[in-house]
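Visitor:
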Amino acid sequence: MKKLYAIGEALIDFIPQQTGVGIAEVDAFMPKVGGAPANVCGAYTKLGGPSAMITQLGADPFGDKIENELKHYGIDTSLVKRTEKANTSLAFVALKQDGNREFSFYRKPGADMLYNPEDVKKDFFTEGFALHFCSVSLGDFPMKEAHQQAVKYAREAGLLISFDPNLRKNLWASEEALRNAVLAFLPTADVLKVSDEEIAFITGKETIEEALPLLFAGEVKLVVYTEGAAGARAYTKHAKASAASEKVKAVDTTGAGDAFIGSFLYKLAEEGVTAETIGQLTEETLKSMLAFSNTYCGKSVQKEGAIASYPTKAEMG
Numbered sequence: 000m001k002k003l004y005a006i007g008e009a010l011i012d013f014i015p016q017q018t019g020v021g022i023a024e025v026d027a028f029m030p031k032v033g034g035a036p037a038n039v040c041g042a043y044t045k046l047g048g049p050s051a052m053i054t055q056l057g058a059d060p061f062g063d064k065i066e067n068e069l070k071h072y073g074i075d076t077s078l079v080k081r082t083e084k085a086n087t088s089l090a091f092v093a094l095k096q097d098g099n100r101e102f103s104f105y106r107k108p109g110a111d112m113l114y115n116p117e118d119v120k121k122d123f124f125t126e127g128f129a130l131h132f133c134s135v136s137l138g139d140f141p142m143k144e145a146h147q148q149a150v151k152y153a154r155e156a157g158l159l160i161s162f163d164p165n166l167r168k169n170l171w172a173s174e175e176a177l178r179n180a181v182l183a184f185l186p187t188a189d190v191l192k193v194s195d196e197e198i199a200f201i202t203g204k205e206t207i208e209e210a211l212p213l214l215f216a217g218e219v220k221l222v223v224y225t226e227g228a229a230g231a232r233a234y235t236k237h238a239k240a241s242a243a244s245e246k247v248k249a250v251d252t253t254g255a256g257d258a259f260i261g262s263f264l265y266k267l268a269e270e271g272v273t274a275e276t277i278g279q280l281t282e283e284t285l286k287s288m289l290a291f292s293n294t295y296c297g298k299s300v301q302k303e304g305a306i307a308s309y310p311t312k313a314e315m316g
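Reminder that position 141 of the sequence shown reads as 140 in numbering that gives the first Met the number 0, one-by-one numbering, no gaps.
(1) Quick one: measure Cβ to Cβ for Ala233 and Leu191, integer angstroms, because I've assumed they're closer than 8 Å.
(2) In whole angstroms, what separates the C-alpha of Met0 from that of Val20?
(3) Which residue marks the beginning of the alpha helix (DSSP H) containing Val219, and which one marks its end?
(4) Drop a sphere of 10 angstroms on the beta-carbon of Met29, count the other beta-carbons inside from all chains shown, and report buried for 16 or more, exposed for fewer.
(5) Mapping the DSSP letters down to three states, classify Gln96 as helix, strand or coil.
(6) Should Pro116 be listed as close to the ligand MN, given that the test is whether its C-beta is under 7 Å from any heavy atom?
(7) Considering Cα atoms alone, identify which of Ile65, Met52, Glu208, Asp59 is closest to Ser77.
(8) Taking three-plus beta-carbon pairs below 8 Å as touching, is the stretch 116–123 in contact with the stretch 149–156?
(9) Within the continuous beta strand (DSSP E) that includes Ala199, where are the two ends?
(10) Under the assumption that Ala183 contacts Ser161 (Cβ atoms under 8 Å), give the Cβ distance between them as a whole number of angstroms.
(11) So what does Arg81 bridge to, in DSSP terms?
(12) Should Gly7 and Ser136 be called a contact, given that it needs their Cβ atoms to be closer than 8 Å?
(13) Could you pull the start and end residues of the alpha helix (DSSP H) that Ser161 belongs to?
(14) Name the two residues that bound the continuous beta strand (DSSP E) containing Tyr114.
(15) DSSP has Gly33 in a bridge; who is on the other side?
(16) Report all residues from its chain with a CB closer than 8 Å to the CB of Thr202; omit the five preceding and five following residues, and keep chain order.
(17) By a C-beta neighbour count over all protein chains shown, 10 Å radius and 16 as the cutoff for buried, is Pro310 buried or exposed?
(18) With contact counted as at least three CB pairs below 8 Å, one residue from each stretch, are the stretch 121–130 and the stretch 280–288 in contact?
(19) Can you check whether the CB of Ser244 is closer than 8 Å to the CB of Ala255?
(20) Give me the DSSP bridge partner(s) of Glu101.
(21) Would you mind sorting Ser134 into buried or exposed? The rule is 16 or more other CB atoms within 10 Å of its CB.
(22) Considering only DSSP beta bridges, list what Ala145 is partnered with.
(23) For Phe200, which of Thr235, Pro164, Pro186 has the nearest alpha-carbon?
(24) Where does Tyr43 fall in DSSP's three states?
(25) Across the stretch 246–260 and the stretch 33–47, are there enough close Cβ pairs to call them in contact, namely three or more that are closer than 8 Å?
(26) Alpha carbon to alpha carbon, how far is Arg178 from Val32?
(27) Just grab the DSSP bridge partners of Phe28 for me.
(28) Is Leu267 helix, strand or coil when you go by DSSP?
(29) Does DSSP classify Tyr72 as helix, strand or coil?
(30) For the alpha helix (DSSP H) that Arg232 lies in, which residues bound it at each end?
(31) Provide the residue span of the beta strand (DSSP E) that contains Phe128, from first to last.
(32) Is the stretch 9–23 touching the stretch 96–115, taking contact as three or more C-beta pairs under 8 Å?
(33) State the CB to CB distance for the pair Phe263 and Val222, rounded to an integer number of angstroms; the pair is presumed to be in contact (CB under 8 Å).
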């Protein structure tokens with residue numbers, strides 16, 4: 000199986016020791032390794048696929064913790080840089096009664112934001128399956144240009160490009176800036192993963208059916224649409240499929256969307272899907288992949304943390 004690369008933030012999620020209250024009321028937090036691109040690598044690799052993280056960490060103990068844990072899970076850290084110019088990014092999370100989250104980021108700037116485009120090399124992607132990224136690192140700082148360089152090189156190498164906007168509005172100076180960044184990068188992807196909470200913000204449309212003509216922009220060949228407890232759907236220009244989720248009691252939804260797309264990318268790799276063939280996936284195949292990722296995501300939310308909560312292939316049965 001070929002390697003998945005992910006570029007962007009790797010950070011420490013501080014998970015609250017009690018739920019049902021906001022950050023200001025939490026008495027204690029537990030540090031867990033997170034960051035959406037790192038989480039996606041975690042899901043892909045815990046299922047048995049090789050992955051590599053492209054990021055920058057601070058020369059601090061939190062950076063050590065992240066690098067050590069990524070290595071522990073088998074994620075390639077040879078492309079992770081360290082810097083003394085900024086600290087490793089932190090995110091404090093509060094979990095409300097329904098399992099939804101409140102975030103407070105310590106990242107002004109974070110070490111990941113200062114990762115330079117010239118640090119991305121063409122030979123990173125010679126043996127790869129896909130490059131995955133999100134929107135958190137697409138602000139007006141060097142890491143955005145590094146994404147542009149990575150997408151260019153990965154595309155030239157024939158890799159699949161995967162984009163999950165994974166919106167975090169409180170990290171942006173304005174909602175317009177976030178929307179513009181998403182709309183600028185969206186057409187560069189072969190696979191676009193969006194949630195029911197993101198459709199209206201990105202497209203101005205209320206339903207996925209209304210939004211699809213806008214989402215199938217540029218290179219986009221597959222749109223994966225998640226609806227939380229309601230399940231997920233997938234659309235190519237020639238086929239569509241849906242799969243319901245099993246009902247589970249959510250303990251912690253941190254990294255749930257990353258578990259979904261990470262496991263979905265694993266199934267694409269397992270099928271040998273490429274940028275050329277992804278638009279030819281059948282309804283039956285798409286439905287099977289969605290069902291697998293729904294189950295994977297459902298198992299992950301029953302434990303705390305992100306990568307630590309993701310099941311292995313053996314645990315999937």
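Where a beta carbon is used, it is the ideal one built from N, C-alpha and C, also for glycine. Small disclaimer: the values here were computed from a predicted structure and weren't measured.
Guide: The answer reads as follows:
(1) Taking the first residue of the sequence shown as position 1, residue 233 is located at position 234. Taking the first residue of the sequence shown as position 1, residue 191 is located at position 192. Between the beta-carbon of Ala233 and that of Leu191 there is about 11 Å, and that puts the pair past the 8 Å contact cut.
(2) For this step, residue 0 is matched to residue 1 along the sequence shown. For this step, residue 20 is matched to residue 21 along the sequence shown. The straight-line gap separating the alpha-carbon atoms of Met0 and Val20 is approximately 43 Å.
(3) As a first step, residue 219 is located in the sequence shown; it is residue number 220 there, counting from the start. Boundaries cannot be given for Val219, as no alpha helix (DSSP H) includes it and DSSP labels it neither H nor E.
(4) Looking up residue 29 in the sequence shown gives position 30. Looking at its Cβ environment, which holds fewer than 16 other Cβ atoms inside 10 Å, Met29 is exposed.
(5) To locate residue 96, count along the sequence shown from 1; it is residue 97. DSSP, reduced to helix, strand and coil, places Gln96 outside both helices and strands of the structure shown, so it counts as coil.
(6) Ligands are entirely absent from the displayed structure, and the ligand MN is therefore not among its contents.
(7) Along the sequence shown, one-based indexing puts residue 77 at 78. Closest option to Ser77, Cα to Cα, is Met52.
(8) Between the stretch 116–123 and the stretch 149–156, the count of C-beta pairs closer than 8 Å reaches three or more; the two stretches touch.
(9) Taking the sequence shown and counting its residues from 1, the one referred to as residue 199 is at position 200. From DSSP, Ala199 is part of no beta strand (DSSP E) but of the alpha helix (DSSP H) over 198–202.
(10) For the purposes of this step, residue 183 is taken as residue 184 along the sequence shown, with counting starting at 1. For the purposes of this step, residue 161 is taken as residue 162 along the sequence shown, with counting starting at 1. In fact, because the Cβ distance is near 16 Å, the residues do not count as touching under 8 Å.
(11) Taking the first residue of the sequence shown as position 1, residue 81 is located at position 82. According to DSSP, Arg81 bridges with Leu56.
(12) Numbered from its first residue, the sequence shown carries residue 7 at position 8. Numbered from its first residue, the sequence shown carries residue 136 at position 137. Contact flag set, yes.
(13) For the purposes of this step, residue 161 is identified with residue 162 of the sequence shown, where counting begins at 1. That residue, Ser161, is in no alpha helix (DSSP H); its beta strand (DSSP E) goes 159–163.
(14) Within the sequence shown, residue 114 is the residue found at index 115, counting from 1. Taken as a continuous stretch (DSSP letters only), Tyr114 belongs to no beta strand (DSSP E), as it is neither H nor E.
(15) Here residue 33 refers to the residue found at position 34 when the sequence shown is read from its first residue. DSSP output for Gly33 lists Leu10 as bridge partner(s).
(16) The residue given as residue 202 occupies position 203 in the sequence shown. Residues Glu209, Ala210, Leu213, Leu214 of the same chain have their beta carbon placed closer than 8 Å to that of Thr202, with the five preceding and five following residues left out of the count.
(17) Residue numbering aside, residue 310 sits at position 311 when the sequence shown is read from its first letter. By the 10 Å Cβ count, Pro310 comes out buried.
(18) No, because fewer than three Cβ pairs between the stretch 121–130 and the stretch 280–288 fall closer than 8 Å, the two stretches do not touch.
(19) Counting from one through the sequence shown, the residue named residue 255 turns up at place 256. Counting from one through the sequence shown, the residue named residue 244 turns up at place 245. In this structure, Ser244 does not lie closer than 8 Å to Ala255 by Cβ.
(20) The residue labelled residue 101 in the question sits at position 102 within the sequence shown. Bridge partners of Glu101: Ala93.
(21) Sequence index remark: in the sequence shown, residue 134 carries index 135 (1-based). Residue environment: Ser134 is assigned as buried (16 or more neighbouring CB atoms within 10 Å of its CB, all protein chains considered).
(22) To locate residue 145, count along the sequence shown from 1; it is residue 146. Looking at the DSSP output, Ala145 bridges to nothing.
(23) Within the sequence shown, residue 200 is the residue found at index 201, counting from 1. Nearest in C-alpha terms to Phe200, of all of Thr235, Pro164, Pro186, is Pro164.
(24) Within the sequence shown, numbered from 1, the residue matching residue 43 stands at position 44. Helix, per DSSP.
(25) Contact annotation: the stretch 246–260 touches the stretch 33–47, with at least three C-beta pairs closer than 8 Å.
(26) Here the question's residue 178 lines up with position 179 in the sequence shown. Here the question's residue 32 lines up with position 33 in the sequence shown. Whole-angstrom Cα-Cα distance: 27 Å.
(27) Within the sequence shown, the letter at position 29 stands for residue 28. Pro15, per the DSSP bridge assignment.
(28) Along the sequence shown, one-based indexing puts residue 267 at 268. Leu267 falls in the helix class under three-state DSSP.
(29) The residue labelled residue 72 in the question sits at position 73 within the sequence shown. Residue state, collapsed to three classes: coil.
(30) On the sequence shown, position 233 is the one that residue 232 refers to. Bounds of any alpha helix (DSSP H) do not take in Arg232; it lies within the beta strand (DSSP E) bounded by 231–234.
(31) Here residue 128 refers to the residue found at position 129 when the sequence shown is read from its first residue. 127–133 is the span of the beta strand (DSSP E), which, as asked, contains Phe128.
(32) Three or more Cβ pairs closer than 8 Å define a contact, and the stretch 9–23 meets that threshold against the stretch 96–115.
(33) In the sequence shown, residue 263 corresponds to position 264, counting from 1. In the sequence shown, residue 222 corresponds to position 223, counting from 1. Beta-carbon to beta-carbon, Phe263 and Val222 are separated by about 12 Å, too far to satisfy the 8 Å threshold.
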